[in-house]
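Enquirer: Let me begin by handing over the structure; questions about it come next.
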Amino acid sequence: MVTEPIVDKDDCIQKNLIWEEPFFTFDHIGISYLSLSQLAMLTGWTGLVQMMVDFKDRDLQPEENSRQEYYIFVVVFILVGGFFSLNLIVGVVVDTFKNKQKHVDDGVTELLLTDAQKGYYNSLLKLSTRRPKVQTEAPT
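What follows is the structure in structure tokens.
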């Protein structure tokens, strides 16, 4: 059992321990994008913010609140990134709704129906276009 604090990655390896880095880091551009997406969507963002603030340097053990200036970045990014992601989601939903509405107006809905449903749909269309015949009696 190790009783001395581990300072960095080399110290960890010398003591025959395993050095693990967190999944959400900023060491790789793809993982950085995932980290920022997680921050913008506000899913599990508190752990990510704590990891960012505790970060000292690459391959060094984190130190609590060593980079408090990152809180400013987080607040600004949440305001800007959250607004962007919300607009993106709303835009996709509205665009999808408009496309579906256009398909309905163009009669493409019949492509999605089974044969039995098409027959029922067509019979309803025929019934809705017919007008009842009014029979009047001739005056006497």
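Just so we're aligned: 67 in full-length UniProt numbering is position 67 of the sequence shown, and the numbers increase by one with no gaps anywhere. In this text, a Cβ means the ideal position worked out from N, Cα and C, and glycines have one as well.
1) Taking the alpha-carbon positions, what's the residue 142 to LYS133 distance?
2) Tell me whether SER35 is buried or exposed, calling it buried when 16 or more other Cβ atoms sit within 10 Å of its Cβ.
3) Let me check understanding here. Comparing Cα to Cα, which of GLY81, ASP59, ALA116 and SER85 lies closest to GLU21?
4) Measure the CB-CB distance between PHE55 and ARG67 and report whether it falls below 8 Å.
5) Can you name the start and end residues of the alpha helix (DSSP H) that ALA40 belongs to?
6) Going straight from the alpha carbon of residue 172 to that of TYR121, what length do you get?
Expert: To lay it out plainly:
1) Since the first residue shown for the chain is 1 and the last is 140, residue 142 is missing from the structure and cannot be characterised.
2) Residue 35 sits at position 35 when you count from the first residue of the sequence shown. Classification for SER35: buried.
3) As a working mapping, residue 21 is identified with position 21 in the sequence shown. GLU21 has its Cα closest to that of ASP59, out of GLY81, ASP59, ALA116 and SER85.
4) On the sequence shown, residue 55 is found 55 positions in, with the first residue counted as 1. On the sequence shown, residue 67 is found 67 positions in, with the first residue counted as 1. In contact: PHE55 and ARG67 (Cβ atoms closer than 8 Å).
5) Taking the sequence shown and counting its residues from 1, the one referred to as residue 40 is at position 40. Its alpha helix (DSSP H) spans residues 29-41.
6) Only positions 1 to 140 of the chain appear in this structure, which leaves residue 172 out of reach.
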